[in-house]
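J.:
Number of protein chains: 2
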Amino acid sequence: MAKGDYLGEFEQIVLLALLRLGPNAYGMAVRREIEERTGRRVSIGAVYATLERLEGKGYVTSFAGEPTAERGGRAKRFFRLESGGQRALRDSREAIRKMMAGLKTGWGTI
Amino acid sequence: MAKGDYLGEFEQIVLLALLRLGPNAYGMAVRREIEERTGRRVSIGAVYATLERLEGKGYVTSFAGEPTAERGGRAKRFFRLESGGQRALRDSREAIRKMMAGLKTGWGTI
DNA sequence: GCCACGGTTTCTACATAGTAGAATAAACTC
DNA sequence: GAGTTTATTCTACTATGTAGAAACCGTGGC
C-alpha cells in the first residue's frame with residue numbers, strides 16, 4: 017500500500033474486473049468477465065493466485081457466499097475491492113498515463 | 017510476438033520511454049525519462065534487464081553508439097522500438113482499455 | 001604512462017507476478 | 001449414494017521486476 021507499490025498488468029486487469037462486477041465478483045465470474053471483455057484466455061488458477069496476492073496486500077477482501085445455492089455447485093467466495101486497491105490501481109494507471117502524455121494521436125488517447 | 021503475448025507493466029513503461037526518446041534512447045536516458053515523467057524511482061539494472069528481455073522477443077533492437085564520445089564516458093548502446101514492439105504495446109494497452117470501457121468517470125477517461 | 005573521474009553498461013542474486021491444469025470440495029437431483 | 005454441476009485449492013513452474021556492485025572505456029591532468 018505504500019507509495020511506490022505498483023501493480024502488475026494482470027493484477028490491474030483483475031482489479032478492474034472487480035470494479036465492473038461489484039457485489040457479484042467471485043473467481044469464476046472474474047475469469048469470465050476478463051475473457052469476454054478482452055478476448056484473452058485466462059486460466060482459473062491465474063485468477064485465484066492473483067486475487068489471493070491482492071488480498072495479502074489488503075487491496076481486496078473476501079468472504080464466503082450464502083451456502084444456500086439454489087441450483088447445485090459449491091458456495092461462492094466473493095471478493096471486494098477495497099479503497100487501498102482502488103488507490104493502487106489509480107496510481108498504476110497514472111504512471112502509464114504520464115508516460116503516454118503528449119504522444120501523437122493513436123497513443124495519446126488510449 | 018504471437019497473439020496473446022502480453023507485456024508486463026514495466027515493459028510497457030520502458031517501451032513508452034523508447035517511443036518518447038526516439039533516436040536518443042539508450043539505457044541511462046530511458047531511466048531518466050521514466051523517473052522524471054512518473055516520479056517513480058527506477059534502478060538501472062531494472063531498465064537493462066527489461067530492455068534485454070524485450071530485445072530477446074524482437075520488440076526492440078540495439079546498436080552501439082559512436083565510439084567518439086566528446087566528453088568521456090563509455091560509448092552508448094542505443095535501443096530502437098521495432099514494429100512488433102509497437103504492436104505488443106498497443107495490444108496490451110488495448111486489453112486495459114477494454115476493461116475500463118464504460119466505467120464511470122474517473123476511471124473511464126484514464 | 002598512470003591516475004582519477006565521469007558516464008555507461010554488465011553482472012549477480014533474489015523477490016514478485018503470471019500461468020496452466022489437475023485435484024478437490026460442496027452443493028444439488030434422482 | 002452415484003452422478004452432475006459449479007466452484008475453489010493445490011502444485012509446479014516460467015516470466016517479470018528490482019537493486020546495487022562491478023566492470024568498461026572514454027577523457028584530462030600531471
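Going down the list, the sequences are from chains A and B. So in the numbering used here, spot 12 of the first sequence is number 28, and the numbers just go up one at a time. So in the numbering used here, spot 6 of the second sequence is number 22, and the numbers just go up one at a time. For glycine and all other residues, C-beta sits at the position ideal for the given N, C-alpha and C. The structure displayed is predicted, hence computed values, not measured ones.
Could you tell me whether the segment 91 to 105 of chain A touches the segment 22 to 36 of chain B, where touching means 3 or more Cβ pairs closer than 8 Å?
T.: no
J.: Taking residue 101 of chain A and residue 76 of chain A to be in contact with their CB atoms under 8 Å, please state how far apart those CB atoms are, rounded to whole angstroms.
T.: Your pair residue 101 of chain A and residue 76 of chain A checks out as a contact, with CB atoms roughly 5 Å apart and the cut at 8 Å.
J.: For residue 66 of chain A, which residues in chain B fall below 8 Å Cβ to Cβ?
T.: Those within 8 Å of residue 66 of chain A in chain B number zero; the least Cβ separation is about 13 Å.
J.: State yes or no: is the beta carbon of residue 111 of chain A nearer than 7 Å to at least one beta carbon in chain B?
T.: yes
J.: Pop quiz: residue 49 of chain A and residue 33 of chain A are said to be a contact at Cβ under 8 Å. What is the actual Cβ separation, rounded to whole angstroms?
T.: 5 Å
J.: Within the continuous beta strand (DSSP E) that includes residue 103 of chain A, where are the two ends?
T.: Per DSSP, residue 103 of chain A belongs to no beta strand (DSSP E); it is in the alpha helix (DSSP H), 99 to 116.
J.: What are the boundary residues of the beta strand (DSSP E) that residue 12 of chain A is part of?
T.: A query on residue 12 of chain A cannot be resolved here, the shown segment of chain A reaching from 17 to 126 and no further.
J.: List the endpoints of the continuous alpha helix (DSSP H) containing residue 62 of chain A.
T.: Unbroken alpha helix (DSSP H) run through residue 62 of chain A: 60 to 72.
J.: Spatial neighbours of residue 51 of chain B within its chain, please: C-beta separation below 8 Å, excluding the five flanking residues on both sides.
T.: Excluding positions up to five away in sequence, the list reads 57 and 58.
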